[in-house]
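Student: Here you go, one structure.
Protein chains in written order, with the numbering used here: chain A, 34 to 515; chain L, 34 to 515.
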């Protein structure tokens with residue numbers, strides 16, 4: 034009988050197959066993905082139909098598995114790494130991030146507690162201080178001297194959720210965790226703009242606050258929250274005996290990268306003792322450049338701040354950075370301490386146990402990929418690439434402005450251009466679908482007010498002038514035929 | 034001025050550095066990790082003190098970054114991949130899982146919607162059907178013909194949380210998401226055993242139900258939930274006007290791998306229309322072997338089931354598998370549909386959009402690593418390794434039984450042996466700490482009833498008889514000196 038341990042992949046096989054996978058990725062990203070359709074062209078069920086009904090009884094050869102990547106998987110990819118990707122926001126990856134994450138896989142440690150891998154915790158805390166410096170975030174968010182601190186979450190959705198939970202708990206005198214919300218006499222209320230990401234509504238639902246108790250505050254003509262309307266809503270809710278607990282301001286909305294006026298919003302939240310969370314999921318990365326830091330004015334009065342290096346900062350998903358100005362309320366709201374997790378380091382009170390900062394217990398060594406990205410590019414490289422993307426978006430904006438059948442829907446913000454066809458929504462939609470059907474580019478859409486608009490989101494890692502120009506040729510043709 | 038795109042790692046550099054990282058991992062796992070201290074020996078702050086205060090302005094050489102892995106990171110690792118790791122539960126990795134995940138990094142796709150990478154969704158659904166077959170789970174959980182289906186979550190904590198949210202919403206006539214819990218007259222109650230994982234209490238807190246409304250049901254002498262006590266608690270709560278909404282049964286508790294009697298518990302939950310979630314986070318993997326499937330008796334009456342291939346099934350963290358017998362209530366509870374995510378495939382109703390099954394919006398192509406694990410090992414390889422671990426635990430149990438100063442605390446379950454020193458808690462603690470201080474092994478502890486016990490958890494990917502024997506020598510010596 035075969036030794037059980039012989040079922041593992043042996044060292045030399047791992048080395049050989051590992052090199053093959055690295056080479057596969059190098060070829061894919063440099064030579065292949067640009068030529069693949071941006072959106073996958075398969076029909077629902079097509080990929081599944083290529084898979085055997087049952088799992089194999091005997092192990093298979095790695096070569097066959099790798100061949101199936103080309104045969105089965107690649108046709109079913111929508112290629113976010115194709116530089117003709119102009120949809121949603123980018124989900125950028127990079128060489129250093131891939132290799133940092135690979136090292137994390139190879140070490141296979143769990144970072145739930147400081148003691149279960151001190152490097153995992155300490156490098157995370159440190160790199161988030163670095164990142165705060167790089168974005169020039171207010172000093173209150175840095176871990177030294179504290180009590181502020183950063184943490185890596187999976188996504189901005191989770192960041193909004195855990196900060197909302199903390200705000201909920203604080204607003205109920207630290208009792209909702211224990212007794213639930215059914216025991217709270219006054220209704221809790223949260224606030225965000227009507228342009229905020231759907232995850233805020235999802236967080237209000239999950240936290241038991243209820244979507245009906247999330248006020249979606251109206252916006253101005255730039256789609257930014259009106260602080261005066263926020264104030265009115267908060268004061269009216271207080272007058273009716275409700276408890277305002279949480280405001281989420283958005284720096285760079287998903288639809289149009291609108292920037293809520295954080296400083297003015299913070300004046301309202303401070304006055305009423307309401308938690309202010311600032312969600313800069315996409316736009317935050319731009320603050321590596323001094324010329325884009327104005328969007329963060331007022332941030333020193335926020336309770337928490339978040340952005341996603343996994344969007345525009347060349348760090349593989351998942352990598353969300355969240356900072357709080359005071360770690361104590363967050364930890365107090367999320368802590369669990371069963372006997373089997375007790376340890377001397379935690380007891381000493383001198384370490385961070387990140388399990389108490391998030392929904393899951395377990396955690397991967399995600400700081401490695403971020404550390405590698407910051408070191409590989411340096412501040413200089415990151416600024417250079419962000420400026421390159423913004424310049425390409427400026428170029429695109431000028432092309433749209435000069436086109437007889439297209440109009441800018443709202444002034445460009447950073448690297449996103451929202452535009453529409455002069456003949457109205459149906460024409461815009463026909464144009465957009467025509468562009469995407471070519472397979473040679475992809476844009477997504479949104480609605481701004483009542484208007485259906487196309488979103489040209491420029492920022493894929495390897496996008497260059499000729500990609501924007503070739504997209505423009507397609508758009509021009511589709512606009513004329515729409 | 035340097036071309037912005039030149040800041041990226043070029044293809045040949047990626048290939049070269051990638052090969053170096055693969056070789057580093059091969060050496061680390063095969064030649065180095067066994068000789069490293071199992072628990073890191075650094076003091077708090079030691080790792081941070083090795084890092085520069087500020088992020089670099091210019092990019093650095095990859096060779097220097099990789100050298101810092103050895104200089105800075107490795108001393109700060111607690112080595113879950115050292116085969117002398119007998120703490121907590123294993124967090125196993127494997128060659129095929131590392132390479133599957135590496136491919137996922139290299140493709141860099143987002144699986145939030147079917148349309149944003151059909152292969153990511155379809156392979157996940159399919160592989161979870163495979164896994165259900167491999168564990169011989171009840172057919173109700175398979176996606177074909179449905180309405181059951183599987184999904185990959187990050188951890189069992191998230192699995193418990195999203196199923197509790199669904200139960201909460203169902204028990205409030207689908208109104209708590211909209212109106213929150215403050216509007217619900219009757220108090221919701223959830224149930225689990227007093228041995229359940231801390232994540233259940235955390236879920237009750239996060240969901241706004243409150244820890245005080247989580248009943249921790251008493252256990253029998255094997256530390257398994259007493260169904261008669263569960264029934265009494267539910268009936269008493271109903272009599273007092275409360276609404277029982279959720280029971281979490283544990284198949285393999287964290288402390289001692291106690292198995293709650295699912296079939297008897299299901300009789301109670303069915304009678305009262307309460308959601309039954311079964312958490313087999315660790316133990317579930319053993320069901321690849323027919324001789325261990327008895328623990329799943331009654332599972333056909335559960336509403337949801339979860340286990341973690343990232344513990345004992347050689348699949349890198351994070352990889353939790355969750356199944357529901359009906360996907361509709363889960364999706365209904367977690368769905369969000371802003372304009373910018375609308376697409377034709379979703380509209381057609383013929384595809385799964387996994388964003389509606391989880392807390393975050395974004396998702397990584399995690400199915401690849403699980404697909405590779407199932408194909409590399411085959412059912413045969415997985416069974417062989419699980420049996421190997423259980424046999425080693427049996428061997429260890431016999432050694433403890435024959436030892437004059439040690440006693441088994443509770444009969445061995447699967448690969449976990451709980452034991453204590455005959456001289457009492459202090460002696461057990463001294464023995465445990467003495468063992469761990471050697472750096473040549475690691476066990477963790479728990480309390481069973483009032484007793485402090487050592488947990489010898491055998492199941493690291495590469496553990497073999499000689500590792501158990503060398504641990505035994507250390508334990509024997511420490512027990513005699515305790």
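C-beta atoms are modelled at their ideal positions from N, C-alpha and C, and glycine is treated no differently.
Below 8 Å on C-beta distance, what does residue 163 of chain A contact in chain L?
Tutor: Residues of chain L passing the Cβ test: 87 and 88.
Student: Extract the residue ranges of the beta strand (DSSP E) inside the region 258–333 of chain L, only unbroken runs of 3 or more that lie entirely within it.
Tutor: Taking only runs of at least 3 residues, the beta strand (DSSP E) segments lying wholly in the region 258–333 of chain L are 276–283 and 308–312.
Student: Which partner residues does residue 353 of chain L have in the DSSP bridge list?
Tutor: In the DSSP output, where bridge partners are listed per residue, residue 353 of chain L has L:186.
Student: Comparing alpha-carbon positions, which option in L:158, L:433 and L:368 lies nearest residue 86 of chain A?
Tutor: Ranking the options by Cα distance to residue 86 of chain A, first place goes to L:158.
Student: Determine the contact status of residue 143 of chain L and residue 150 of chain L, defining contact as a CB-CB distance below 8 Å.
Tutor: Yes, they are a contact pair.
Student: Is residue 322 of chain A near residue 416 of chain A, with beta carbons less than 8 Å apart?
Tutor: Taking 8 Å as the Cβ cut-off, residue 322 of chain A and residue 416 of chain A qualify as a contacting pair.
Student: According to DSSP, what are the bridge partners of residue 337 of chain L?
Tutor: Answer is L:310 and L:357.
Student: From the DSSP output, in three-state form, read off residue 373 of chain L for me.
Tutor: Correct three-state label for residue 373 of chain L: helix.
Student: Using only the alpha-carbon positions, how far apart do residue 445 of chain A and residue 208 of chain L sit?
Tutor: About 40 Å.
Student: Would a check of beta-carbon distances place residue 412 of chain A closer than 8 Å to chain L?
Tutor: Yes, contact with chain L.
Student: Do you know how far the Cα of residue 511 of chain A is from the Cα of residue 456 of chain A?
Tutor: Distance between the alpha carbons of residue 456 of chain A and residue 511 of chain A is about 13 Å.
Student: Leaving out the 5 sequence neighbours to the left and right, which residues in its chain are closer than 7 Å to residue 357 of chain L when beta-carbon positions are compared?
Tutor: Closer than 7 Å at the Cβ level, and outside the excluded window around residue 357 of chain L, lie 181, 182, 336, 337 and 363.
Student: Out of curiosity, what's the CA-to-CA distance linking residue 399 of chain L and residue 134 of chain L?
Tutor: Rounded to the nearest angstrom, the two C-alpha atoms are 7 Å apart.
Student: Less than 8 Å between the CB atoms is what I'm expecting for residue 491 of chain A and residue 154 of chain A, so what's the real figure, rounded?
Tutor: The Cβ separation is near 36 Å, so there is no contact.
Student: What is the rounded straight-line gap between the Cα of residue 332 of chain A and the Cα of residue 310 of chain A?
Tutor: One C-alpha to the other measures close to 9 Å.
Student: Look at the alpha carbon of residue 78 of chain L and the alpha carbon of residue 172 of chain A, and state the distance between them as a whole number of angstroms.
Tutor: Approximately 20 Å, taken between the alpha carbons.
Student: Hey, is residue 438 of chain L's beta-carbon within less than 8 Å of any beta-carbon in chain A?
Tutor: With 8 Å as the cut-off, residue 438 of chain L does not count as an interface residue toward chain A.
Student: At a Cβ threshold of 8 Å, is residue 240 of chain L touching chain A?
Tutor: By this cut-off, residue 240 of chain L is an interface position.
Student: Suppose you measure from the CA of residue 94 of chain A to the CA of residue 291 of chain A; what does that come to, to the nearest Å?
Tutor: Spanning the two alpha carbons is a distance of roughly 51 Å.
Student: Using a C-beta to C-beta distance shorter than 7 Å, which residues of chain L count as neighbours of residue 91 of chain A?
Tutor: Neighbours of residue 91 of chain A on chain L, chain order: 411 and 413.
Student: What does residue 478 of chain A pair with, by DSSP beta-bridge criteria?
Tutor: Paired residue(s): A:487.
Student: Using a Cβ-Cβ cutoff of less than 6 Å, which residues in the same chain neighbour residue 205 of chain A once the five nearest sequence positions on both sides are dropped?
Tutor: Cβ within range, chain order: 217.
Student: Ignore the nearest five residues each way along the sequence and tell me which others in residue 18 of chain A's own chain have a CB closer than 7 Å to its CB.
Tutor: Only positions 34 to 515 of chain A appear in the structure, and residue 18 of chain A is not among them; the question remains open.
Student: Of all Cβ atoms in chain A, is any one closer than 8 Å to the Cβ of residue 227 of chain L?
Tutor: Closer than 8 Å: no.
Student: By DSSP, does residue 226 of chain A sit in helix, in strand, or in coil?
Tutor: Three-state result, residue 226 of chain A: strand.
Student: Starting from residue 349 of chain L, find everything on chain A with Cβ-Cβ shorter than 7 Å and list it in chain order.
Tutor: Result: 138 and 141.
Student: Note down, one range per segment and in chain order, each alpha helix (DSSP H) of at least 4 residues found wholly within the region 160–216 of chain L.
Tutor: Counting whole runs of 4 or more residues, the region 160–216 of chain L contains the alpha helix (DSSP H) stretches 189–204 and 209–212.
Student: Of the residues L:90, L:118, L:481 and L:252, which one's Cα is nearest the Cα of residue 73 of chain L?
Tutor: The option with the nearest alpha carbon to residue 73 of chain L is L:118.
Student: Cutting at 6 Å between CB atoms, please list the residues of its own chain near residue 160 of chain L, excluding the five before and the five after it.
Tutor: 400, 403 and 404.
Student: Classify residue 104 of chain A as buried or exposed, calling it buried when 16 or more other Cβ atoms lie within 10 Å of its own Cβ.
Tutor: Exposed is the call here.
Student: Against residue 55 of chain A, what residues of chain L qualify as contacts under a CB-to-CB distance less than 7 Å, listed in chain order?
Tutor: By Cβ distance, chain L contributes 48, 51, 52 and 55.
Student: Identify which residue in A:500, A:479 and A:494 has its Cα closest to the Cα of residue 343 of chain A.
Tutor: The residue with the shortest Cα to Cα distance from residue 343 of chain A is A:494.
Student: Output, in sequence order along the chain, the residues in the region 303–332 of chain L whose CB is closer than 9 Å to any CB in chain A.
Tutor: The region 303–332 of chain L vs chain A, Cβ under 9 Å: nothing.
Student: Applying a beta-carbon distance threshold of less than 9 Å, which residues of chain L neighbour residue 114 of chain A?
Tutor: What residue 114 of chain A touches in chain L: 139, 140, 141 and 142.
Student: Name, please, each residue of chain A whose Cβ falls closer than 9 Å to the Cβ of residue 427 of chain L.
Tutor: By Cβ distance, chain A contributes nothing, its closest Cβ being about 14 Å from residue 427 of chain L, past 9 Å.
Student: If you draw a straight line from the alpha carbon of residue 56 of chain L to that of residue 99 of chain A, how long is it in whole angstroms?
Tutor: Using only the alpha carbons, I get a separation of about 19 Å.
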